[in-house]
Amino acid sequence: MGLFGKDAREILVSQMVLISIGIVTGTILAISTDKILLVPGMLILLPGFLEMRGNISGTFASRLSSGLFLGIVKPDKYGTRIVKGNLIASFLLVLAVTLILGVIAFLITLFMFGIFSLRIIAIPLVAGLIANAIEIPLTLFMTFYFFRKGHDPNNIIGPFVSTSGDITSIVSMLIALVII
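Per the working numbering, residue 6 is the first one in the sequence shown, and the count goes up by one each step.
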C-alpha cells in the first residue's frame with residue numbers, strides 16, 4: 006500500500022499534467038493580447054467567457070459520470086436519450102450564456118466608454134459555438150474513456166475540462182476575432 010490512495014494519485018497526476026498545460030494556455034493568451042485589445046470590451050468579456058467553458062463542460066461531465074455510476078448511462082452507448090438531452094442542454098446553455106456575456110460587455114463598453122461596437126456580441130457567440138463543437142464531444146469521449154478504464158471520472162474530468170476549456174476558449178476566441 007502506497008502513501009496515497011488511488012483517488013489521490015489520480016487527482017495529483019491529473020492536476021500536475023493540466024497545470025503544465027495551463028501554463029502553455031496562459032502563454033498563448035499573453036502572446037495574443039495585441040489582437041484581443043483591438044476590440045473594445047474584450048477584456049470585460051474574457052474572464053466570463055473563459056470561466057463559462059469549464060463550468061458548462063464540468064457540469065456536463067459530472068452528469069455523465071453520475072449516470073455511469075448509477076447505471077442509467079451505459080459506458081458503451083453514446084446515443085441514449087439522457088446523453089443526447091445533456092448534449093443539447095449544454096449547447097443551448099452556451100448560446101444563452103455567450104449572448105448574455107456579449108450584451109453585458111456591449112452595454113458596459115457603450116455606457117462607460119461611449120464605444121458602440123456590435124462585434125462584442127457576435128465574437129463570443131461565434132467563439133462559443135466553435136469551442137462547444139470541440140469541447141462537448143471531447144468531454145463526452147473522455148468521461149466515457151476514463152470510466153471504461155476503471156478511473157473515477159469525477160477525479161480527472163474536472164481539471165481536464167477546465168484546462169481544455171481554457172485552451173479551446175482562447176483559440177476559438179482568436180478564430181472568432183479573425184472571422185468577425
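Yeah, the Cβ is synthetic: ideal placement off N, Cα and C, and Gly gets one too.
Taking the alpha-carbon of alanine 210 as reference, which of Gly27, Ala35, Leu75 and Leu51 has the nearest alpha-carbon?
No answer is possible for residue 210: it lies beyond the span of the chain, which begins at 6 and ends at 185.
Determine the DSSP secondary structure at lysine 82, reduced to helix, strand or coil.
For the purposes of this step, residue 82 is taken as residue 77 along the sequence shown, with counting starting at 1. Lysine 82 falls in the coil class under three-state DSSP.
When the Cα atoms are used, what is the spatial distance from methionine 117 to asparagine 159?
Reading the sequence shown from its first residue, position 112 is the one you call residue 117. Reading the sequence shown from its first residue, position 154 is the one you call residue 159. For methionine 117 and asparagine 159, the distance between alpha carbons rounds to 42 Å.
Look at threonine 148 and isoleucine 128 and say whether their C-beta atoms are less than 8 Å apart.
One-based indexing of the sequence shown puts residue 148 at position 143. One-based indexing of the sequence shown puts residue 128 at position 123. Going by C-beta atoms, threonine 148 is not nearer than 8 Å to isoleucine 128.
Start and end of the alpha helix (DSSP H) containing phenylalanine 165?
Position 160 of the sequence shown, counted from the first residue, corresponds to residue 165. Run containing phenylalanine 165: 158 to 184, per the alpha helix (DSSP H) assignment.
Applying the 10 Å Cβ sphere with the 16-neighbour rule, what's the burial state of phenylalanine 121?
Your numbering for residue 121 matches position 116 in the sequence shown. Per the 10 Å Cβ criterion, exposed.
Using only CA atoms, which one of Glu56, Lys82, Thr103 and Phe152 lies nearest to leucine 134?
Indexing the sequence shown from 1 puts residue 134 at position 129. That would be Thr103, whose Cα lies nearest to the Cα of leucine 134.
Please identify the residue among Ser25, Arg124 and Asn137 whose C-alpha is closest to the C-alpha of phenylalanine 96.
The residue you call residue 96 lines up with position 91 of the sequence shown. Residue Asn137 is the option with its Cα nearest to phenylalanine 96.
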